[in-house]
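**Student:**
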Amino acid sequence: MTGAEHADDTGSRKAFVLVGGVGVAATYFEFLAPTLAERGDVYALDLPGFAGLPRPGVQPTAVFFAEQVAAVLDHYGLDDPVVIGHSMGTQVVTELLISRPGITEAVLVSPVINDRERALPVQALRFAQSASRETLHLALTAVSAYVLCGLVYFLTVLPHMMRYRIVDRVALVPARLLFIRGQFDTTSPRRFHLRLAKAARSASTWEIEGAAHSVINAHAVGVAKLTLGFVDGELARRGQMSSEEADLPEPVGGGLPLVLKAMGSRAAEWVSALRRDERGVARAKAQHAKLLWQAYAPRRG
21 MTGAEHADDT GSRKAFVLVG GVGVAATYFE FLAPTLAERG DVYALDLPGF AGLPRPGVQP
81 TAVFFAEQVA AVLDHYGLDD PVVIGHSMGT QVVTELLISR PGITEAVLVS PVINDRERAL
141 PVQALRFAQS ASRETLHLAL TAVSAYVLCG LVYFLTVLPH MMRYRIVDRV ALVPARLLFI
201 RGQFDTTSPR RFHLRLAKAA RSASTWEIEG AAHSVINAHA VGVAKLTLGF VDGELARRGQ
261 MSSEEADLPE PVGGGLPLVL KAMGSRAAEW VSALRRDERG VARAKAQHAK LLWQAYAPRR
321 G
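Those letters in the sequence shown? Residues 21 to 321, per the numbering used here, in order.
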């Protein structure tokens with residue numbers, strides 16, 4: 021089963037599908053989803069085995085996950101959404117694009133695994149280097165998601181992610197691609213992105229200054245701006261965005277009340293996930309998404 025957190029903008033002509041990395045939940049997109057929802061329907065997915073969802077009885081390969089995402093697209097009648105993948109999610113999106121040539125545009129953020137540094141110890145070091153640049157909020161978000169995923173399942177998925185040859189597979193993708201990385205993302209370095217862009221049939225590459233591997237969260241506004249510029253055909257083939265332009269704005273009605281409400285909705289989601297209460301998880305996610313929409317969306321126009 022794949023969970024979908026849905027934020028909509030009535031009357032929109034765009035649909036955005038968000039696919040996260042290994043072990044993480046759709047809440048990783050807590051800032052990106054409400055930003056994109058100003059332009060269209062947003063479907064932030066929880067992959068099988070993550071975020072408290074049941075673990076599949078088959079090998080969790082990128083192809084398997086892509087099949088589950090494809091089922092979500094069919095369920096909602098999405099023929100040509102803008103698909104955005106982060107980290108391991110870029111592998112899933114790549115397989116989806118190969119199997120669904122009707123999808124014309126996709127964004128691959130912090131793609132992995134660097135084909136020049138495939139060894140697990142090296143990747144662990146690179147991840148630690150990048151993680152040292154992340155915020156405490158992001159660290160807590162990731163840790164809570166990894167706990168729900170569980171060590172056994174995480175280690176089951178990990179070898180498939182490590183073996184995936186994204187440079188080779190990207191060459192088979194017919195869609196236009198936008199590659200985004202953070203300046204300090206040592207797991208997804210600049211030269212790796214250049215090799216990906218060279219292998220792809222049509223690709224743009226952008227970097228966000230001051231960002232690390234989890235640029236999708238900490239610099240969600242920048243990712244959204246680049247995505248929308250790419251979709252609108254207004255984005256240069258290569259460039260850099262400043263950290264100031266990419267950072268989140270101050271939330272409307274921020275302060276302690278907002279923090280407490282956000283913590284409450286996240287706690288409700290976590291408890292529901294531990295209880296395997298999928299409806300409870302969905303309610304908590306919807307509450308959290310609505311809270312962030314109200315806090316951030318009104319400030320952008």
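Backbone N, C-alpha and C define an ideal beta-carbon position, used for all residues, glycine too.
Computed from a predicted model, the values in this text were never measured in an experiment.
(1) Let me know the secondary structure DSSP gives residue 170 once reduced to three states.
(2) Any idea what DSSP makes of residue 189, helix, strand or coil?
(3) Report the three-state DSSP secondary structure of residue 236 (helix, strand or coil).
(4) What is the rounded straight-line gap between the Cα of residue 163 and the Cα of residue 233?
(5) Pairing CB atoms from the segment 253–261 with CB atoms from the segment 285–295, are three or more of them under 8 Å?
(6) Are the CB atoms of residue 113 and residue 103 within a distance shorter than 7 Å?
(7) Please classify residue 43: is it buried, with 16 or more other beta-carbons within 10 angstroms of its beta-carbon, or exposed?
(8) Answer yes or no: do residue 124 and residue 100 have a C-beta to C-beta separation smaller than 7 Å?
(9) At which residues does the beta strand (DSSP E) containing residue 224 begin and terminate?
(10) Between the beta-carbon of residue 75 and the beta-carbon of residue 173, is there less than 7 Å?
(11) Is residue 48 helix, strand or coil by DSSP?
(12) So residue 107 packs on residue 41, CB below 8 Å; how close in whole Å?
(13) Please return the same chain residues whose Cβ sits closer than 7 Å to the Cβ of residue 222, not counting the five positions on each side in sequence.
(14) Can you tell me whether residue 96 is helix, strand or coil according to DSSP?
(15) Tell me whether the segment 79–87 and the segment 55–62 touch, counting them as touching only if at least three CB pairs, one residue from each stretch, are closer than 8 Å.
(16) For the segment 113–156, list the alpha helix (DSSP H) runs that are entirely contained and at least 4 residues long, ordered along the chain.
(17) Under 6 Å Cβ to Cβ from residue 35, same chain only, skipping five residues before and after it: list those, please.
(18) With distances taken Cα to Cα, identify the nearest neighbour of residue 293 among 72, 47, 45, 63.
(19) Cα-Cα, which of 67, 237, 260 is closest to residue 156?
(20) In angstroms with no decimal places, state the Cα-to-Cα distance between residue 150 and residue 205.
(21) Going along the chain, which residues of its own chain have a beta-carbon closer than 7 Å to the beta-carbon of residue 248, five neighbours each way excluded?
(22) Which word fits residue 152, buried or exposed, when buried means at least 16 other C-beta atoms lie within 10 angstroms of its C-beta?
(23) Measuring CA to CA, which of 262, 305, 299 is closest to residue 281?
(24) Helix, strand or coil for residue 250? Go by DSSP, reduced to three states.
(25) In three-state terms, what does DSSP make of residue 197?
(26) Terminal residues of the continuous alpha helix (DSSP H) containing residue 210?
(27) Taking C-beta to C-beta, are residue 229 and residue 263 nearer than 7 Å?
(28) In whole angstroms, what is the alpha-carbon distance linking residue 265 and residue 77?
**Tutor:** With the given structure in hand:
(1) Residue 170 carries a coil assignment under DSSP once its states are collapsed to helix, strand and coil.
(2) It is helical.
(3) Helix.
(4) 15 Å
(5) no
(6) Cβ atoms of residue 103 and residue 113: closer than 7 Å.
(7) buried
(8) yes
(9) 223–228
(10) yes
(11) helix
(12) Indeed they touch by this definition, with Cβ atoms about 3 Å apart.
(13) 196, 197
(14) Correct three-state label for residue 96: helix.
(15) no
(16) 140–151
(17) 60, 61, 98, 101
(18) When each option's Cα is compared against that of residue 293, the closest is 72.
(19) 237
(20) 5 Å
(21) 59
(22) exposed
(23) Out of 262, 305, 299, 305 has the C-alpha closest to the C-alpha of residue 281.
(24) DSSP, reduced to helix, strand and coil, places residue 250 within a helical segment of the structure shown.
(25) Note: residue 197 maps to strand in three-state DSSP.
(26) 210–219
(27) yes
(28) 44 Å
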